Structure formats: structure tokens, C-alpha cells
Amino acid sequence: MTSILKRGLAALAVSAALLAAPGLALAAGGSITVTYKDDIATLDPAIGYDWQNFSMIKALFDGLMDYEPGTATLRPGLAESYQISADGKVFTFKLREGVKFHNGRALTAEDVKYSFERTTNPKTQSPGAGFLGSIEGFDKMQSGEASELAGVKVVDPKTVEVTLSRPDATFLSVMALNFSFVVPKEEVEKYGADFGRHPVGTGAFKLAEWTLGQKLQFTRNPDYYREGAPKLDEINFEIGQEPVVSLLRVQKGEVDVPGDGIPPAKFREVMGNEAEAARVVQGVQLHTGYITMNTTKAPFDNLKVRQALNMAINKDRIVQIINGRATPANQPLPPTMPGYVKDFAGYRYDVAAAKKLLAEAGHPDGFETELFVANVDPQPRIAQAIQQDLAAIGIKASIQSLAQANVIAAGGSAEGAPLIWSGGMAWIADFPDPSNFYGPILGCSGAAEGGWNWAKYCNKTLDEKAAAADAIVDPAKAEERATAWGEVYKGVMADAPWVPVFNEKRYTMRSDKMGGADALYVDPVNTPMNYKYVETK
């Protein structure tokens, strides 16, 4: 999201920044209500990594960098300013004056250093540690040889210097990602593993209440450093709401955003109602939905088996299940991302060829396996379609339909899961760059326990090519860098750790009180919803 990123169809309903439309009579203050079927697992910025908690974490915490609302344009965040050395390897950040944590303590450069070291410490088991992999000393932190990042230096209480081991074209974008958000050491030590239930940041909102399985309530931070934000006094998240019920409550004006989206079974009905369709916003998103295969466990450690699955899935039929709200995919990157290979053929849908490959791999009669899937519609129905396609080539896949957090946990566990349909959790760009679709979900660092590389895929040669692509920092060489990334992804597909299935289009819905027809703008960055700038009538 994560490359939104930190998902799938569930994310369609919330993957937008809710901004005030020009000319509307909007007012500061007020509250909104957002519903979800499932609770979130954590609000710890070093741990949280799915579309559902991304926007919540971004409301509670900040990073050194930020984005202009509704755009992919970077701007300083907790940093007032920054300087970059001539070789592109040393970044010096000057912190803003007057920034306070929710506990009242002033932000210092020591907090930045601590937060980076916490994320990269393997004991934290951060799924995003690899994003900070270009910082000098990262490898020693990961191996346990060091307890401090050699590349992070506190110059004075308001200045922090970060030295990279290699040029990294994505570094400033990473500074706007939640894994680099700043946390207070004393609060982390106070709550330990429960910090994710008792988050304390510098963000626009504070956590006021969290009743597990029922409700979260955020209240306005009156000391927030960014003038004019937040607009709202309160955000209420209601948990345990079935998507169909949530939609009905939006229609009645009781809910402002159905967090799990417009249920596919109701999509045509909503779009056929002129008044309701006027409150639906659609756009392109940097997204790919895919099936992961655990490449470290038999039978998916066999390339021919993985290639067979790529040829067995009828992607056009799956797109029909979601009312045509996607286009079939043949590679990890979405079509609008630099590095997408336009003439790449991919694996064709061919049942006979898939059977032949299985037989060559020593499985002429197929085999039995498990397919994990999030339990929010339409994901189980898509899983059933995948199950039928696999049965056609002799593979019997039992469906494990679980809460999203449990599927994520299964994929990130040391053992992993045989097959996972990523829908509801699928990849939306964390930041608009081709590297984001590699490191966390296909790179060797993401294959660690707690990571999002659920295929457990690790090709060190491709890792080296990826690092070389990211070392091309000159904007004048953007085309060269995109071509280099295209070669990386062609290499991934040759190894076939995934079955890329589709690239979704983005749809979201909101209540009347959140403004007129133009009140929601599709956000090209990962955050599902930018609560800092939401306004009501």
C-alpha cells in the first residue's frame, strides 16, 4: 500500500481523499461515521500494513515527509526543510518547532532515530523494515550485529542526518510512509507489544476509545502542527457491520462511508439509482490483485506447477464476478505505473497446456492444497471461481475463508500458506513508484516472518537488479529507470511466484453531508482516506 498501496475490492470504497469541493458551503467541526465488517489488528505504524488500518494510522501519526492533499506531490511533514548532498546519499532534515506528541512532549531528533531503529530491529517484526533498507547499517540491524543504525545521526535536538549506503530514488517517498512515522520511546516501552492498541503519535487525531470488535473513536488533536487541520472534531469507526447493512445505512444517512465498499451484488442497483450514483466516485488506482504460491513448499517449489496455475485461471470470468470493475492482469505492475511492459504476453489461459505442465512436474492426477481468502464479499466468490479453475486441471483446493487479519497473519507466518487470493488485501501503491510493487511483496526482505511477500519468493539476482534500478536517481533518466524495472518484473514472471489476476478500478461512496458531486477526489497515493482534510456541510 504497497506501490498502496497498503486491500482489493474492499479498498475501493475508501481509497480516496475526501476533500472539500470548491463552492460548497462546508464547515469545520462535526463528525463522520465509517463502518467495517472486521476489526483491525493494530494501530502501530511499524506493524500495520493493510488498506483498512493505513488511513487510521496516518490520522494518528506523521512522518518527516507528507503529500499535498489529493496529489502525489511530496512536501515536508514533521521536517520543516531538508537538504540532499551532491552524491544523493546524505539527507539532512530540520524538524519543525512546536510539534508535540499526544502525551504533550515535544518532538526531537532522538525520536526520529529511535523510530527508524525500532522499525528495522528484527525483534519488531515490521513488514516494512525493507523500505528503510538503503540506510547505512540496515543489514547489521537486521542480522542482530548492531542495535543502532549507523546511518542515522542526531546533529542537534531539531536536526537529524540520514546517510544511505547507496543512492535511492524512493527515499523521500519512504519518509512519507507509515513505517518511518515517528513514535515516542517512552510510550512504546510503557505498552510494549500493546502499543498498537494504545497509539501515541503527533497526528491530527488522537485515539479516544477502542472497544474491540465494536468501535474506534478518534478525536481532534487541538495541538496539531498543520494549520487548518484537521477539519473534523471526531471520527467514529463502527466494527462488525456487514457490507450490505452498511450500504443500507449510508442510503438512510446513518453512515457516511461504507468502509468495505459497495457490495458487488448491489453495485448495479446503486449505479441504476440516479441520486445514489451521484454519490459514487470512480477512478484509476495503482492496484493489482493476485494469487500467491508458497515457493518454499512442495508442490509450489516446482516452477512448472506455478506456471500451470498461471495458465489455469480464467481471469475474464473473475472480472465478470465483480461487475467488470477491473481489467485482467498479466504482470505485477498496473498499466498506469512506470515500468509496466506494454507488449508483455504473460501466460495465456490454456487448460490443456496447464495439465501438461502438471504432468511434467510429476502431478498427472493433480494434488490437494489450501486457498486462503478474506471472508468479505466478493472475495469468497472469487475464491470459488479460482477453486473451480484449479479443479479443471486436477487440483483440489479447500477454501479457508477467514477474517482479513487472520489471512494476513497466515501469509506472514514463518510457515506461510500454500495459496492466498489477495483480494481485499491486494496491492495498492504505498507510493507511486514501480519499486513499491517489488520490495515488500516480491523482494527477499519481504519474505521474512511478518512480511507481505506471501510467496516467500527470493531471487537475489533480481534484488540486485532492483537496487540498481533504484540507484538511477537522475530525473532525466526516468525512462531508463522504468525500463530497468520492466526487466525486473519480466524476471519475476519467468519464476511465476504469483498469478496476477486483475487491476481494479476504484469506486467509493459517501453520504450527502460530505459535500456535493466533486467532494471526493481519487488519491493517487496509498492512503485509503485522508481524514485530516475531510469536511462536512
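The sequence shown lines up with residues 1 to 537 when you count with UniProt numbering. We put the CB at the ideal spot given by N, CA and C, even for glycine. Here the structure is a predicted model, which is why all the values come from computation and not from measurement.
Go ahead and pull the three-state DSSP assignment for residue i.
i: Q282; result: strand
i: S31; result: strand
i: A21; result: Low confidence applies here, because A21 scores a pLDDT of 36, under 50, leaving its location unreliable; read the following figure in that light. A21 falls in the coil class under three-state DSSP.
i: W427; result: strand
i: E449; result: coil
i: A66; result: Inspection of the sequence shows that residue 66 is occupied by Asp rather than by Ala. If DSSP states are grouped into helix, strand and coil, D66 belongs with the strands.
i: P230; result: coil
i: W454; result: coil
i: M529; result: coil
i: T536; result: strand
i: F61; result: coil
i: I490; result: The sequence shown places Lys at residue 490, rather than the Ile named in the question. Helix at K490.
i: T508; result: strand
i: I441; result: helix
i: R75; result: strand
i: S246; result: helix
i: Q125; result: coil
i: A482; result: helix
i: A41; result: coil
i: L107; result: coil
i: E238; result: strand
i: S435; result: helix
i: P500; result: strand
i: V112; result: helix
i: G516; result: Any answer about G516 is weak, because its pLDDT of 41 lies below 50 and its placement is not dependable; what the coordinates show is given next. DSSP places G516 in coil when its eight states are reduced to three.
Taking all protein chains shown into account, do 16 or more other C-beta atoms lie within 10 angstroms of the C-beta of residue i, making it buried, or fewer, making it exposed?
i: A469; result: buried
i: D44; result: buried
i: G29; result: exposed
i: V534; result: buried
i: E117; result: buried
i: P364; result: exposed
i: S413; result: exposed
i: T71; result: exposed
i: V188; result: buried
i: D39; result: buried
i: V155; result: exposed
i: G104; result: exposed
i: residue 546; result: Absent from the structure is residue 546, since the part of the chain shown begins at 1 and ends at 537.
i: A354; result: buried
i: A385; result: buried
i: T536; result: buried
Taking the C-alpha atoms as reference points, what is the distance between residue i and residue j?
i: residue 538; j: N503; result: There is simply no residue 538 to check, as the chain begins at 1 and stops at 537 in what is shown.
i: R166; j: I135; result: 8 Å
i: A482; j: A466; result: 11 Å
i: T120; j: W210; result: 28 Å
i: V99; j: V112; result: 13 Å
i: R381; j: A403; result: 15 Å
i: L24; j: D512; result: The predicted model places L24 with a pLDDT of 40, which falls under 50 and marks its position as unreliable; any figure quoted below should be read in that light. Approximately 12 Å, taken between the alpha carbons.
i: A471; j: F138; result: 17 Å
i: F431; j: L172; result: 10 Å
i: A397; j: D495; result: 22 Å
i: G443; j: C458; result: 6 Å
i: K215; j: A429; result: 28 Å
i: G324; j: P299; result: 33 Å
i: M529; j: I399; result: 31 Å
i: A448; j: D301; result: 17 Å
i: T33; j: I235; result: 6 Å
i: A41; j: M425; result: 13 Å
i: K94; j: G203; result: 18 Å
i: M65; j: T461; result: 31 Å
i: G439; j: E274; result: 43 Å
i: M271; j: Y36; result: 22 Å
i: G259; j: D87; result: 44 Å
i: T327; j: R317; result: 11 Å
i: P338; j: E479; result: 8 Å
i: Q387; j: V182; result: 43 Å
i: P264; j: L247; result: 11 Å
i: I291; j: W454; result: 9 Å
i: R96; j: Q52; result: 29 Å
i: L303; j: G213; result: 42 Å
When you compare the stretch 361-378 with the stretch 416-428, are there three or more beta-carbon pairs, one atom per stretch, that lie closer than 8 Å? Taking 8 Å as the limit for Cβ pairs, the verdict is that the stretch 416-428 does touch the stretch 361-378.
Hey, which unbroken runs of the beta strand (DSSP E) at 3 residues or more fall wholly within the stretch 271-336? 280-284, 287-293, 326-328
Which full runs of the beta strand (DSSP E) of 3+ residues lie inside the stretch 340-412, going along the chain? Within the stretch 340-412, the complete beta strand (DSSP E) segments of 3 residues or longer fall at 368-374, 396-402, listed in chain order.
Entirely within the stretch 144-224 and at least 3 residues each: give me those beta strand (DSSP E) ranges in chain order. Residue ranges of uninterrupted beta strand (DSSP E) with 3 or more members, entirely inside the stretch 144-224 and ordered along the chain, are 152-156, 159-163, 205-211, 215-220.
If you pair each beta-carbon of the stretch 143-161 with each one of the stretch 215-225, do three or more pairs fall below 8 Å? no
Count the C-beta pairs between the stretch 41-58 and the stretch 169-183 that are closer than 8 Å, then say yes if the count reaches three, no if not. Short answer: they touch.
Contact between the stretch 392-409 and the stretch 434-442 (3+ Cβ pairs under 8 Å): no
Counting beta carbon pairs with one atom in the stretch 123-131 and one in the stretch 82-98, are three or more of them shorter than 8 Å? Contact check between the stretch 82-98 and the stretch 123-131: fewer than three CB pairs, one atom from each, fall below 8 Å, which does not count as touching.
Could you check whether the stretch 344-351 touches the stretch 301-318, counting it as contact only if at least three pairs of C-beta atoms, one from each stretch, sit closer than 8 Å? yes
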